[in-house]
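See below for the structure under consideration.
Numbering (this note's numbering), first residue to last: 116 to 183.
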């Protein structure tokens, strides 16, 4: 979740980011994720391959910003 992003409201069932544990607790289910990795065959269905697993490393940018 982004530090200044919207917060999930599990009482109203409004979710702005994926929180597997909170979703599982709300739905009384086991905490797991299924990630689609192929195009859906259902018209208007989910688009696979959208999960990004990359962390930005901007330490040098922060150093330059705060030391200048």
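Every residue gets a Cβ at the ideal spot worked out from N, C-alpha and C, and that includes glycine. Note that this is a predicted model, so its numbers are computed, not measured.
Q. Anyone know if the C-beta pair for residue 152 and residue 160 falls short of 8 Å?
A. Cβ atoms of residue 152 and residue 160: not closer than 8 Å.
Q: Give me the Cα-Cα distance between residue 180 and residue 142, rounded to the nearest whole angstrom.
A: Spanning the two alpha carbons is a distance of roughly 44 Å.
Q.
What does the alpha-carbon distance come out to for the pair residue 125 and residue 170?
A. Cα to Cα, residue 125 sits roughly 27 Å from residue 170.
(Q) For the alpha helix (DSSP H) containing residue 178, name the first residue and the last one. (A) For residue 178, the enclosing alpha helix (DSSP H) has its first and last residue at 174-182.
**Q.** Own chain residues within Cβ distance below 6 Å of residue 166, not counting five before or after
**A.** Answer for residue 166: 150, listed in chain order.
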